[in-house]
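Numbering (the numbering used here), first residue to last: 112 to 333.
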């Protein structure tokens, strides 16, 4: 029997390396308004709390709200057209997911990335893999992470409870989300945060490769 019957994954930095496309779209939106670009390491720090906060962190301090909103709209247009230009799964992730599916584990994705992008990327990068997929959709009354609402919504769609589930992510937001949902958290060290940053966020269980992750999820390394 698998160690866990349900696994809820973060997307960016956990399953997909989206950082280059996020950086390009951020800088394209900034350039359209005469604002300075950011290096990829800046954008790495900006992501995790949704695209509105990504843009808020990227625009110069003191940017008027209406201008910031226009930058956000430009980002959405650019990213919608270019979200897969350089994006793909981390090495070993497709194989890891296939092993979990074969073992009968229920799989979900919950991401603070805009729902339109999450649905498109998951459908095209991992067709037929997940039982529930949720992107940021606070307009529908589902609070974004680290609130537990997205996890609860995913479980409801799958007809699952919190028993025998685990949350997998790569950031402090994911550590907080798992804590708020009252479930274990496995923190991936290959994503957008360093192990040091994860430790400072309260992470206690780490996996360094997708191969190590699947062993932990199936209980073969316990």
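Cβ coordinates follow ideal geometry from the N, Cα and C atoms, glycine included.
Could you tell me the distance, in whole angstroms, from the CA atom of residue i to the CA atom of residue j?
| i | j | result |
| --- | --- | --- |
| residue 192 | residue 323 | 34 Å |
| residue 333 | residue 114 | Summary for residue 333: the model assigns pLDDT 43, below 50, so the residue's position carries little reliability; its value from the coordinates is reported in the next sentence. Near 9 Å, if we compare the C-alpha coordinates of residue 114 and residue 333. |
| residue 143 | residue 225 | 21 Å |
| residue 188 | residue 161 | 15 Å |
| residue 153 | residue 282 | 15 Å |
| residue 271 | residue 254 | 19 Å |
| residue 208 | residue 325 | 8 Å |
| residue 223 | residue 331 | 31 Å |
| residue 117 | residue 146 | 44 Å |
| residue 220 | residue 266 | 10 Å |
| residue 230 | residue 175 | 31 Å |
| residue 249 | residue 296 | 23 Å |
| residue 213 | residue 148 | 44 Å |
| residue 298 | residue 318 | 6 Å |
| residue 300 | residue 199 | 17 Å |
| residue 244 | residue 125 | 14 Å |
Give a yes or no on whether the minimum CB-CB distance between residue i and chain C is below 8 Å.
| i | result |
| --- | --- |
| residue 205 | Judged by its chain identifiers, the structure shown contains no chain C, having just a single protein chain. |
Any idea if residue i is buried or exposed, counting beta-carbon neighbours within 10 angstroms, 16 or more meaning buried?
| i | result |
| --- | --- |
| residue 217 | buried |
| residue 202 | exposed |
| residue 306 | exposed |
| residue 123 | buried |
| residue 268 | exposed |
| residue 166 | buried |
| residue 170 | buried |
| residue 156 | exposed |
| residue 246 | buried |
| residue 185 | buried |
| residue 215 | exposed |
So, helix, strand or coil for residue i, using DSSP?
| i | result |
| --- | --- |
| residue 333 | Interpretation of residue 333 is limited by its pLDDT of 43, a score under 50 that renders its predicted location unreliable; the figure taken from the coordinates is listed afterwards. Of the three classes helix, strand and coil, the one that applies to residue 333 here is coil, per DSSP. |
| residue 262 | helix |
| residue 132 | helix |
| residue 123 | strand |
| residue 158 | coil |
| residue 118 | strand |
| residue 327 | helix |
| residue 148 | coil |
| residue 139 | helix |
Residue i: beta carbon under 7 Å from a heavy atom of the ligand FMN?
| i | result |
| --- | --- |
| residue 166 | Within the structure as shown, the ligand FMN is missing, as the structure has no ligands at all. |
Original post:
Which residue spans inside the stretch 173-237 form an unbroken alpha helix (DSSP H) run of at least 4?
Top reply: With a minimum length of 4 residues, the continuous alpha helix (DSSP H) runs that stay inside the stretch 173-237 are 176-193, 204-213 and 226-236.
Subject >> the stretch 234-244 touching the stretch 278-293, judged by at least three CB pairs closer than 8 Å >> reply: No: fewer than three Cβ pairs fall under 8 Å.
Original post:
For the 8 Å Cβ check, are there 3 or more pairs between the stretch 134-143 and the stretch 295-313?
Top reply: These segments do not touch.
Subject >> Inside the stretch 236-323 only - alpha helix (DSSP H) runs reaching at least 4 residues >> reply: Entirely contained in the stretch 236-323, the alpha helix (DSSP H) runs reaching 4 residues are, in chain order, 260-269, 283-292 and 306-311.
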